[in-house]
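*Asks:* Pasting a structure here, questions to come.
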Amino acid sequence: MKRFIPVAAPALVGNEKSYVMDCLDSTWISSAGKYVENFEQAFAAFCGVKYAMSCNNGTVALHLALLALGVGPDDEVMVPTLTFVATANAVTYCGAHPIFIDSEPETWNLNPDLLEEKITPRTKGIIVVHLYGHPVNMEPVLDIAQRHGLFVIEDAAEAHGAEYKGQRVGSLGDIATFSFYGNKIITTGEGGMVVTDDDKLANKVRQLKGQGMDPKRRYWFPIIGYNYRMTNIQAAIGLAQLEKADWHIYRRREVASWYYKRLKEVQGLTLPVEKEWAKNVYWMFSVVLDDGILLGRDEVMAALREQGIETRPFFYPMHTLPPYRNLAEKDYFSVAEGLAARGINLPTWAGLQERDVDFVCEALAGILVSAQRAVS
Ligand SMILES: *Cc1c(COP(=O)(O)O)cnc(C)c1O
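Take the numbering used here: the final residue in the sequence shown is number 1031, and no numbers are missing along the way.
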């Protein structure tokens, strides 16, 4: 049978099944129940913060964080242009405008040096995204935010357990959001979390996700809220995943170490970095093809696909997408555009074996070598 290596796959190797069965047996299948509370408490502890509020997915987690911070029509929020679309869309849901920031060449995260020139009287804050598992260089971002009175949201959807100077992501800004989609480092199928140390923001998020109900007066709705709640079943899966968080993170870093070992000598590739102040959790081990490579990125991906290896291209920068194109017409984002045009996410998941990584690396190296040969 032909080998097939998917780009991602969940690893449900702990108490997932028994906790879900417990929900079914006890009939606690909706959004009240002990797993919701336990998962929230354990996740707050995991991030090193006081409060964690679960919700349906990482996109609404961002929406809740922005609403809790009071973002509204015509406000501006700075976001990296190289991110998943949800980061920009959540800003748009509030009637506000995402202002795009180009990437750093090394970490691929938003470049803090470019923030200050984009601040206007309407700027309310910054969303940093710890892209593909590498934390953002937070100190310069926090310094700019403090000097200009801006909030900082961490979109940590891709970086559960990543660290900046020994501190877990999620605890670095005013508020942070996570996703538990099926391909994320910790999954609940679909799911999300908002975390913060701030009592007021935590209470606001709780109220907003539960239809806006007054916590002290049942069926009294002083504000317009949403139904953004997570179910006990999702939380049951999440708690089981979180119990094995160290294993999930260890396995991803091990997979990355195999990729480094086998790809570091291969000509034509730039590999991910792990800055001295960072712990990278490698949501996706990614490579960027050098400019001089004679095959296009999509051709390399197609050749890998031929050999049963699934990959993903980097995200399209937000400023190139139809809903956002006009917003950034006169701007330049050459770093993000270069990365997006030549970046590939390789298979990265906790259950991947060393022989799978060998197979991927041999295939990739072979494709690049035969492309060289074809011209010489
Ligand atoms: C996955 C992801 C999200 C959205 O999470 P969902 O749970 O799919 O809604 C947001 N931001 C980033 C950076 C992501 O990778």
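Backbone N, C-alpha and C fix where the C-beta goes; we use that ideal spot for every residue, glycine too.
(1) Compute the minimum distance between the beta carbon of alanine 741 and the heavy atoms of ligand 1, and state whether it is under 8 Å.
(2) Which first and last residues belong to the beta strand (DSSP E) in which lysine 779 is found?
(3) In terms of DSSP beta bridges, what is phenylalanine 806 paired with?
(4) Take the Cβ of leucine 949 as the centre, count every other Cβ of all protein chains shown within 10 Å, and call the residue buried at 16 or more, exposed below.
(5) According to DSSP, which residues form a beta bridge with leucine 1023?
(6) Just checking lysine 705 against ligand 1 - is the residue's beta carbon closer than 8 Å to any of the ligand's heavy atoms?
(7) Starting from the C-beta of glycine 703, find all residues in its chain whose C-beta is less than 6 Å away, skip the five residues before and the five after it, and write them out in chain order.
(8) Over what stretch of residues does the alpha helix (DSSP H) that includes serine 681 continue unbroken?
(9) If you pair each beta-carbon of the stretch 672-685 with each one of the stretch 917-926, do three or more pairs fall below 8 Å?
(10) With DSSP as the reference, identify every bridge partner of lysine 934, one or two as the case may be.
(11) Would you say leucine 1019 and leucine 959 are within 9 Å of each other, going by their C-beta atoms?
(12) Is alanine 800 closer than 9 Å to alanine 933 when the C-beta atoms are compared?
(13) Does proline 896 pass the burial test, meaning 16 or more other C-beta atoms within 10 Å, or should it be called exposed?
(14) If we require 4 or more residues per run, which alpha helix (DSSP H) segments fall completely within the stretch 698-745?
(15) Taking the alpha helix (DSSP H) that glycine 630 falls in, what are its first and last residues?
*Replies:* Checking against the coordinates, here is how it stands:
(1) Result yes, Cβ under 8 Å from ligand 1.
(2) 778-784
(3) Gly780
(4) When all chains shown are included, leucine 949 counts as exposed.
(5) Answer is none; leucine 1023 lacks a bridge partner.
(6) Taking non-hydrogen atoms of ligand 1 into account, the C-beta of lysine 705 is found less than 8 Å away from none of them.
(7) Arg823 and Ser826
(8) 671-681
(9) no
(10) Glu818
(11) yes
(12) no
(13) In the sequence as displayed, the identity of residue 896 is glutamine instead of proline. Result: buried.
(14) 713-723
(15) In the structure displayed, the chain extends from 656 to 1031; residue 630 sits before or after that span and is not available.
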